[in-house]
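Here the sequence shown is numbered in my numbering, starting from 864 and rising by one per residue.
Here the structure comes first, spelled out in structure tokens, and everything after it is commentary.
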Amino acid sequence: MPPTRAARFAPVAACAVLLAVAGCSGDGRGGGTAPPGTAPASAAPAAAGPSGPDGAPGCRPASPVAPYEGDGLPEIRATGHGIRASGLLMSATGHPVRADQELKIVWRVTGDGPLRAAATGPDGREREPAWGPEPHGGSSFQRPGSEWGVGYRIDEPGCWRLRLARGTGTADAWLRVAG
């Protein structure tokens, strides 16, 4: 008998909780040794992450998503202009992400200054994050840049544009959300 959906996603949920606890300071100030805007020494560049063509408007194509080699969580690679950004998707439903939930993404973003984040839903309306961006002191997510947590309220299926900005650079992740 095949495992239930809940049984298949239990390990992913457990990893997400562990990474969230390890990566979040809880006070919104970071709590690590590196101040916001600088990458901790442990954030040495690792493998490039998901491969494939850059994401484009309308999810034609969607941004590449692949399991992160560190813990298997889905990693998305944003299309950057002056900055680089990769994020770990922490979804209650795993990947593909489904509508009607809050999605946490742990982002690694290069550049200087505070991170600004917004999401544009399939209906074209821009939405502010449910919470964040919150600087993290670091975790096991080894990509270039500083680490930030952002919560998004994903309320409908379709193509979502997740816009990140830091200094004068921007990056967009085009995420296809299932119904």
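Glycine included, each C-beta is placed from N, C-alpha and C at the ideal position.
For clarity, every value in this text was computed on a predicted model and none was experimentally measured.
So the beta strand (DSSP E) residue i belongs to, where does it begin and stop?
i: D938; result: The identity of residue 938 in the sequence shown is Glu, whereas the question assumes Asp. Run containing E938: 937–940, per the beta strand (DSSP E) assignment.
i: S1009; result: 1009–1017
i: S954; result: Premise fails: S954 is in no beta strand (DSSP E) and is neither H nor E.
i: A1036; result: 1032–1040
i: P998; result: 994–998
i: P930; result: 928–930
i: Q964; result: 964–972
Within 10 angstroms of its Cβ, does residue i collect 16 or more other Cβ (buried), or is it exposed?
i: V960; result: buried
i: H944; result: exposed
i: A1028; result: buried
i: E1010; result: buried
i: T1031; result: exposed
i: G918; result: buried
i: R1024; result: buried
i: P920; result: exposed
i: R851; result: Absent from the model: residue 851. The displayed extent of the chain is 864 to 1042, so no value can be given.
Pull up the CB-CB distance for residue i and residue j, whole angstroms please, since I reckon it's below 8 Å.
i: A941; j: S954; result: Actually they do not touch by this definition, with Cβ atoms about 17 Å apart.
i: S926; j: W1037; result: 5 Å
i: R947; j: A1034; result: 7 Å
i: E965; j: A993; result: 6 Å
If the criterion is Cβ atoms closer than 8 Å, does the pair residue i and residue j meet it?
i: V969; j: S1003; result: no
i: H958; j: L952; result: yes
i: E997; j: G1012; result: yes
i: Q1005; j: G933; result: yes
Problem set entry | Three-pair Cβ contact test at 8 Å for the stretch 974–994 versus the stretch 1013–1020 | yes
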